[in-house]
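K.L.:
Residue numbers (the numbering used here): 101 to 252. Below is the structure I would like to discuss, written out as structure tokens.
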Amino acid sequence: MAIAATIDIAAPPEVVRAKFLDFESLPKYHKDFFGSITPLAPSKSLAPGNKVHVVFAGAGQKMDAIILENKPEHFQWRGSIPVLFTGDHGFRFEPSTSIPGGTKFTQEEYFSGALGFMMGQNVIARQLGFAAKTVKGWEGFNQEFKAWCEKK
101 MAIAATIDIA APPEVVRAKF LDFESLPKYH KDFFGSITPL APSKSLAPGN
151 KVHVVFAGAG QKMDAIILEN KPEHFQWRGS IPVLFTGDHG FRFEPSTSIP
201 GGTKFTQEEY FSGALGFMMG QNVIARQLGF AAKTVKGWEG FNQEFKAWCE
251 KK
């Protein structure tokens, strides 16, 4: 199962990526979905294999996610409740096709595990509404992040 939320930002991909990875600034522009993201490695390195501690605002959920990829165009981590639920959450920084010199910023997540179906489009998943609520939270983050990136 996969869900995604995309927004175009009037700033180059390398600027958008640098602002995204500035996790300490997160509370300056956003408070509703991600409460905080903190690198856990002693060197605070964001290298694959290291972890980030993610706190979700409102829900009070926390997890230590392993970094899967950290490339100029893509940052991704994996969080899980072993066996039951795993999510590979990615952030893409691609050239925009609608804003010259801008960025197409995408959040996407691929779900698996015994409860992964709850984030799909089946009847039960739609009734529960977890995927729709998650995308709505991401869209709110994306709007606030866009404003932060475009701030002069």
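Backbone N, C-alpha and C fix where the C-beta goes; we use that ideal spot for every residue, glycine too. Given the structure is predicted, the values throughout are model-derived calculations rather than measurements.
Name the two residues that bound the continuous beta strand (DSSP E) containing Q161.
P.N.:
Locating residue 161 in the sequence shown gives position 61, counting from the first residue. Unbroken run through Q161: none, as it is neither H nor E.
K.L.:
What are the complete beta strand (DSSP E) segments, minimum 3 residues, inside the region 119-180?
P.N.:
Fully enclosed beta strand (DSSP E) runs of 3 or longer: 134-139, 151-156 and 162-171.
K.L.:
Measuring CB to CB, does I167 end up less than 7 Å from L146?
P.N.:
Taking the first residue of the sequence shown as position 1, residue 167 is located at position 67. Taking the first residue of the sequence shown as position 1, residue 146 is located at position 46. In contact: I167 and L146 (Cβ atoms closer than 7 Å).
K.L.:
Looking only at its own chain, which residues have a Cβ that is under 8 Å from the Cβ of F133, when we skip the five neighbours before and after it?
P.N.:
Looking up residue 133 in the sequence shown gives position 33. The residues are F156, A157, G158, G237, W238, G240 and F241.
K.L.:
Helix, strand or coil for T206 per DSSP?
P.N.:
Numbered from its first residue, the sequence shown carries residue 206 at position 106. Strand, per DSSP.
K.L.:
Beta carbon of G202, beta carbon of I107: below 7 Å?
P.N.:
Along the sequence shown, read from residue 1 onward, the residue named residue 202 stands at position 102. Along the sequence shown, read from residue 1 onward, the residue named residue 107 stands at position 7. No; because the gap between Cβ atoms is not below 7 Å, this pair is not in contact.
K.L.:
Go ahead and pull the three-state DSSP assignment for P113.
P.N.:
Counted from its first residue, the sequence shown places residue 113 at position 13. DSSP places P113 in helix when its eight states are reduced to three.
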